[in-house]
Every structure is written in structure tokens, then in C-alpha cells.
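A.B. asks: Residue numbers (our numbering), protein chains in the order written: chain A, 1467 to 1951; chain B, 1467 to 1951. In this text, a Cβ means the ideal position worked out from N, Cα and C, and glycines have one as well.
1) Which residue or residues does DSSP assign as beta-bridge partners of residue 1780(A)?
2) List, in order along the chain, the chain C residues whose C-beta lies closer than 9 angstroms to that of residue 1816(A)?
3) Between the Cα of residue 1665(B) and the Cα atoms of 1799(B), 1832(B) and 1655(B), which residue gives the shortest distance?
4) Find the residues of chain A that neighbour residue 1826(B), judging by a C-beta separation of less than 9 angstroms, and give them in chain order.
5) Note the first and the last residue of the continuous beta strand (DSSP E) segment covering residue 1444(A).
6) Let me know the secondary structure DSSP gives residue 1755(B) once reduced to three states.
7) Do three or more CB pairs link the region 1886-1902 of chain A to the region 1522-1536 of chain A at distances below 8 angstroms?
8) From what residue to what residue does the beta strand (DSSP E) around residue 1710(B) run?
9) How many Å lie between residue 1561(B) and residue 1736(A) at the Cα?
10) For the alpha helix (DSSP H) containing residue 1652(A), name the first residue and the last one.
11) Just to make sure I have the definition right: I need the residues of chain A whose C-beta is within less than 7 angstroms of the C-beta of residue 1687(B). Which are they?
12) So, is the C-beta of residue 1898(A) closer than 8 angstroms to a C-beta in chain B?
13) For residue 1639(B) and chain A, any beta-carbon pair shorter than 8 angstroms?
14) Compile a chain-ordered list of the residues in the region 1900-1930 of chain B whose CB is closer than 7 angstroms to at least one CB of chain A.
15) Would you mind reading off the limits of the alpha helix (DSSP H) that contains residue 1617(A)?
16) On a CA-only basis, which of 1722(B), 1699(B) and 1877(B) is nearest residue 1790(B)? Give me that one, please.
17) Find the residues of chain B that neighbour residue 1883(A), judging by a C-beta separation of less than 7 angstroms, and give them in chain order.
18) What does the Cβ neighbour count give for residue 1483(B), buried or exposed, with the cut at 16 atoms within 10 Å?
19) Using DSSP with H/G/I as helix, E/B as strand and the rest coil, what is residue 1571(B)?
20) Can you grab the Cα-Cα spacing for the pair residue 1871(A) / residue 1784(A), in whole Å?
21) Would you call the region 1700-1714 of chain A in contact with the region 1632-1649 of chain A, where contact means no fewer than 3 C-beta pairs closer than 8 angstroms?
22) What number of angstroms, rounded off, separates the C-alpha of residue 1807(B) from the C-alpha of residue 1787(A)?
23) According to DSSP, is residue 1613(A) helix, strand or coil?
24) Assuming the contact rule is C-beta atoms closer than 8 angstroms, residue 1663(B) and residue 1624(B) should be a hit. Round their C-beta distance to whole Å, please.
25) Given a cut-off of 8 angstroms on the beta-carbon distance, is the pair residue 1755(A) and residue 1747(A) in contact?
26) By the criterion of Cβ-Cβ separation under 9 angstroms, what are the contact partners of residue 1741(B) in chain A?
27) Between the region 1601-1612 of chain B and the region 1757-1777 of chain B, can you find at least three pairs of beta-carbon atoms closer than 8 angstroms?
28) Can we say the region 1562-1569 of chain A touches the region 1820-1831 of chain A, given the rule of at least three CB pairs closer than 8 angstroms?
29) Is DSSP giving residue 1763(A) helix, strand or coil here?
30) For residue 1708(B), would you say it is in contact with chain A, using Cβ-to-Cβ distances shorter than 8 angstroms as the test?
31) Quick check on residue 1659(B): buried or exposed, where buried means 16 or more other Cβ atoms within 10 Å of its Cβ?
32) Residues of chain B with a CB under 7 angstroms from the CB of residue 1823(A): which are they?
33) Flag this pair as yes or no: are the beta carbons of residue 1838(B) and residue 1741(B) separated by less than 8 angstroms?
34) Hey, would you say residue 1695(A) sits closer than 8 angstroms to residue 1522(A), going by beta carbons?
35) Between which two residues does the alpha helix (DSSP H) holding residue 1856(A) run?
36) According to DSSP, simplified to helix, strand and coil, what is residue 1541(B)?
Structure representation (C-alpha cells):
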């Protein structure tokens, strides 16, 4: 201190220099302290004691006690008020929107009921109330396998762990109706001990293994898509055991999955009008996303559907899973500098063009199914019909692959347009073949199509007795509340 | 100076302060001086004396004396060595690549000869040597109108100015063969007095006027596309005067241009096999570019095909007009951070998917033309045939709109895929109608298609005597060098 005093005495301006240096250093120390405190607060709030959540804990509320930000944002998925031009998360009666679908799925449960899903929060409610799961008289007497539950609840891994995967799939859907209570939630994607992302459903792991891929070697960024890909994929129920299987062994695109199904002669059902052996596409979201530019540039599902969020100094993943169109400022605009209006216009332009072609294809498929029926009615043989029915099978598979995938028209618009173009070509090819078959039987006039202008008319046309089906469902739901519990 | 010395004497540290301030100010003055000098150099080199170029100067060399950077880069368009997966600027025999095109254009000069253009530098040579302009015996005796010259040379505005637009179009193509010498160049896009971009061809100005748009009000950035749009558009030769006209009055998209042509019952030719009244799409490059994301985000043609370039401190527009795939670092990578390989892959993915569907459509169109011929051969009437021939007309128009436009698959891939999908639907619809017409005449079997596996076979199949056509052309080219000069 003495030396400093001596210096200041000799060079008085040095006093000011020391003063300013001290100020600058103090300022940066302040910044550092603030940063440390913030990180500490985050650490306290985010990295909670983990030991309290037991393995296979399926109750989302239990997790929510420790991970408040994530849980509170997850609860917002209960809100279904957002409605984009093409649906968003609100419930839309798709059969009302396009009654052609009733004909396309004739003989299959989707022709009874097909609504835009309300999202994860309602997964359990929605599978119970949909007409597709029918109205079993008592537990274990229904035609649907337990496999239908696989993607609906974190109770599923718990049950699989308890009874074995095979045994689980082997039960009836209604067997677990009083056991499965929690909608899709925390345990589906997270390890309760470490909170790491994890794959809890066997089908994805099995598909990886069959194709020589190691799930342990994928990056965290890939996991931010793969946890979604446990369910948001094309799959089928294999064999009598209804074993949930991904048909990825030849490739993940529409052509290679078609080849896979053809090779094993798989069909979901025989069409009740055309008698074609049909494939029902599920929701090949991960497959189509993978073929789009956003995936190719390294984005994960979570980047757009669960972006990072800051609240009160805490940064966390927004678990309000939703359409990015409802959250453009936190998703698209992280990279794209255009206005919300312009970004919406860009998305809608893609969706409009694809919807236009999809609707053309639906109308052509309706004609093909009825023209096949006419050919059968006029005495065509199975050998005559096979080429046309194969074209119908492939064409509708392509339509469904594009139509059933959530957000397909945005995720990979060029591939989806290509898929629909091939569907149009094949449907028309089927119609050409059928036209010749009928001509050989002396039938040249256009085949009459029944009135399918509304959902009700179309359901009547394909022979569905909807009042009875609905009455039975109501009775089932009533009994579920009283007798089954 | 005395006052300063006094201050320094009293407070010696002030000397250092004055020293540092002087250093900082001097540094910024240095920066300013450098900037002024650079701008001055640019000004000297770029804004040359302008009075030396007279109005309608069509000789590119004359302009090149003053605008050396631009002219030297323009001369590089003579290099045709670049060859991308889908052609680039090298000459490719498109009929050899896809002999189906010979059938699609049967009865029209394109079935004789269709090569990938070699670029602006060769515009005059290429129009003289192509078999499409046939082999007139002497000037003024050919079937092609002078309108064909419109986009080939800066001699055209000169001639139009001299003789009037109407009179120019009214001549024969061969009338100007010794008069037009300069390939597409400076005067086509620039005002010699101000070097401003300008529209020199009447059709664009007339289309703007008819649709209530004022060319004087468009931005410089729009002009950087519109000078290209003088020629790189869909157009037709209107009436007996063969007046070059843009069919934009109902809109610039494929559906609205189709409606425009239908409304005036325009056709380029009657197909020699199916007898359908066909429309030949030219190169609707500007129309398709306008429907793509790059146009929607404000890019002009010049941004990718003529990017800015720096050489020796001079910044200028690169007049080596070429595919951006040959110049990725100066074009795509200005905005996109991906590697050249990844950007190429992205472009090729779009092109591959569209090429796949385009080829499917070509094969279907070939069948439709021959099936129409069979229906005629079996006694169908014009009334029977009209619906099918209309579908063929519209389907092939859509194929051609996508196929003829340079870079269509990249410029607006979703729209182009949509166009092809509608083409497939319409072609198959035509085939269905034709199948029924033939069935009514008792013909149910598939119609035989001749061997069109090579260009030569296809040309033989459509009745072209290529050896004679080629011999006549050689004779014409020989006489052109001797007798005509």
C-alpha cells in the first residue's frame, strides 16, 4: 500500500488508471457471479433428487412433482383450441370432410370413425371412445388385440415388464381397459433414474437390431426424434400373436415398405367392395420426416414440436407438443427471418397443392373399387382380377401413406407429391384393366357410383348400420363405468 | 502550440492522451481514404464514357471495348464443357435420351431434332443448323416465320426499329439469315446510353400493358429477372402475322395458360398419330421460377445465374451465364452453409424424383397417341374422339410445360411435380375413354406400340425420312456459305 501511495505521489494520473481498472474488473466479477447464481438456480430447480421416481412409474403426476416446468407445459396439451387450415390439434371428423374415405376403408374399422387425434393427453380416452375399438360385451371378448394399446400409455412398458412382451400383445384390447389409465407421458421417453431419453417400446429396438443398427450409438439429437419414432411410424401386427413390427427391413420409403408387405403377402383386410387385399398405412411420420429437407439439415422432431423455452431464468424443453404453426416465433423463426404470415403462406401453399392431388386420387380410388365390384358381379374370375386388384392395393397404400402421416405435406412435400402421383397412375391403370375385363363381358358403360356425398350416405352405401354401432358403443361405455370397474 | 506545451508541462500524462487520440483519428482517416480511392477506381473502370455506343448497336465486340469485365465473362459462355447429371450447358441429344419425345411431337419439327441448347453465344449458329428450321431452297421460301429470330440476336431490335414490329414478324425466317449475325448479347438487355437494364422485345411490354402493369415502375431487382423473361417464357405466334404473344392474360400458371389457349382454340399443330390439337410449350422458365421458393424470397435470375464477382478490386456482374451448379461457391453458398456435395445432392434429389415421374408420363402419352390412332382406325367419329383428344392435349401440354422449362425441377419442384401428376391423371383418363371407344368397336386387346427404343427407330415409326431431311439440310448449309452471301 505504501508503494502504491508513493507511485501516486510521483505520478498523480496513475491514481485514475488504477481506479478505472478496478471498476472494469469489478464489473466482470459481478457478471460472473450473476451467471454462477443463475446456473445454480437452474441446477437446483432442474436437477432434482431423482431417487423418488421408481422404475416404470407410469403416473405423470409423480414425475410432475419434480419436473414442474416440463409437466406444466405438458398439461397444456389438453388445450385443443388451436385450429390451422388443415386441422392442427383440434378434433376434426375426417370422414365428414372426405366421405370418399368411408369407401376406401370399406370393411375396415376406419370406415366407422376417423377423427383428427386430440393429442397425447387424450390418448387413453380417445381409444376407448372411438367406434374403431367396437363395443366388447365383457373383458376379453373383443376382436381387437392388446397391441392396440402399445402407443397409448406409459402403463404399457410397465405391463410388458411384468408379463413379457409376447404375452402382452397376445391379450385382447379390452383385457387392459381398467388397468391402463395414464395417457402418453413422461415414462414413455425418459429414464426415471437419469432423465435421459430412452426407447421404451420394443418394436423400434427390434427393427434397429434386425438392420444392424445400435441404439446405444445414436446421438442425443437423433434420440430427440427416435423417442417419437417409437410410435410415429408405419407398423403392422405380425402373425397370430399380433406382434407389433416395423416393416423397415428393405428400406423406410413407400416403395420398399410396399415390397416388404408384398413379399410376405401381408394384408390388413380384404376390401368389402373390390375384394382387394389392402394395406392400411398407419402414420409414417418419422419415415416421411426423414425424407424432407429439415431432417436432412439435422433438425429433430423436438426442434419444431418441443422447442427450448426460457421462463424466469430457467431454460427447458417445452413439453406442450404442438404444431409449430401455433408457435412460429419459437420454431420456424429461430432460422427463418420471414414474417409469421409469410411462413404460414409458404406452408399452406405446399399443403394446398398436395391436398388438391390427394383429393383427385381419393375420387379415382372410389371409382376403382366400384368398377372392380362391377367386374366381379359380371363374372370375372380371381385370375382376371388379380392385376387390377394389385394396382388398387398399391395405389391406396400410396394414398394412405401420404394421407395418414401427420404433417406429411410439410415434412417432405416433393416425396409426398411423388407418392400421390404414383398412386394416381396405378389407380388409373387398375381402372383401365377393369374396363377391359368388363368390356369382355359386354359391359362398356360407366359404372354407377352410389351417393357418397356425406359421411352418413357413404356409410350407408358400404353397408354400415351406424345407429346400431353407435348404440352398442354407448352401452359399452356405460357398462365400463359401472359393471367393469 | 504554446498552449499545448504549457498543458503538457503542467499535466505530463496529457501528452500521451493527445498522442493516442491522434493515432486513432489518423487510422480512421486512412480507412476513409482507402474507401474513397477504391470507389474512385471502380468509378473510373465501371462508368466508362458512354457516348461511343450508338443506339441499337448489335455488335457485342463494340460494347466489349468499354465493358471489359462483363464482355470477357460473357465470352466464357462459349465454353460448353460443363456437364451436370442433367445436362448443364453441354449439347445433349434429347431425342436420343428419350425417344418417346419423337412420338409425342409427331408431325411437328421438334420430332426431327431437339438438343439441349448450347447457350446464348451459339444462339445464331444453333438456329441455322438445327433440322427444325428445315432447308429453304432460297431466301423467303421456307415455312418458318421471322418470328423465330426474335430471341436469337440483338440485331432483332435493330431490324424491328427499322421496319416495324409487325413487318418484321411477317417475313420468313430465311429472309434475315444473312442480316442477323450477332448472338444474344449486350444490346438485348442494356440501354447503350445509360447501361440501365431495359426491355427490348415487344411481347413482354405488351403483356404488361394488357394486364395493367407498368414496366417503368418495376424495381431494379425485378428487372434482373425481367430482362431474362423477355425470352425465357411461354409464348405463341398469334394469327397469320405470327405475332409473338405471351399467353399470360388469365394468369401465368399451367392451368390458366391452358384456359387461355382453349378459349382461343389455339393449337401449334395437329398430332400426326392421334390427330389431337396440340400445344407446344416453349420454355416457361420465368413462370415456373416465379412459383418457387427462391423467387418468393426475392431472388432474381441474375442472383444465381449471373452473381456479382470481384476481380482486382473491381466488383461486377459475372456475365458468364451458367448453371449455378457450376458455380456453387458464388451462388448457393452465399446463403446456404452446406458443402458443395450436399447442395448438389439436394438439387439432384429433386431432379431425380421429378425425372422419374416425367418418364412415366412420357411412356403413358406414347400409349395414348397410339390408342387414339387405333380408335380412329376402327371407325371412331370426331365426336366420339373429342373428349379423349382434349385429355391428350391437356396432358401433353402439362408434360411439356414441365419438360421444356430449363431447371424446372429445381426452380419449383412441388409445382412441377403437381403439374406432372395432373398430366398422368389426364393421360390415363384419355386411355380409359379410348379403351371404351375401341371396346364398342369390338377391340379389347392392348394396342401394339411400334419399336421406339432408339431415336432412329422412333423417327422411322412416325414416318420421318431422316436421311433425306439431313441431306437437304447439309445442302442448304453449303449453299448458305456460297450462293446466299
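C.D. replies: Inspection of the coordinates gives the following:
1) 1777(A)
2) You won't find chain C in this structure, because its protein chains are A and B.
3) 1655(B)
4) 1887, 1888 and 1891
5) Any property of residue 1444(A) remains undetermined from this structure, which presents chain A solely from 1467 to 1951.
6) helix
7) no
8) 1709-1711
9) 45 angstroms
10) 1652-1655
11) What residue 1687(B) touches in chain A: nothing, since even the nearest Cβ is about 17 angstroms away.
12) yes
13) no
14) 1901, 1902, 1905, 1906 and 1910
15) Taken as a continuous stretch (DSSP letters only), residue 1617(A) belongs to no alpha helix (DSSP H), as it is neither H nor E.
16) 1877(B)
17) 1880, 1883, 1884 and 1887
18) exposed
19) coil
20) 23 angstroms
21) yes
22) 35 angstroms
23) helix
24) At roughly 18 angstroms, the Cβ-Cβ gap does not stay under 8 angstroms, so residue 1663(B) and residue 1624(B) are not in contact.
25) no
26) Here the premise fails: no neighbours, minimum Cβ distance about 21 angstroms.
27) no
28) yes
29) coil
30) no
31) exposed
32) 1884 and 1887
33) yes
34) no
35) 1848-1870
36) helix
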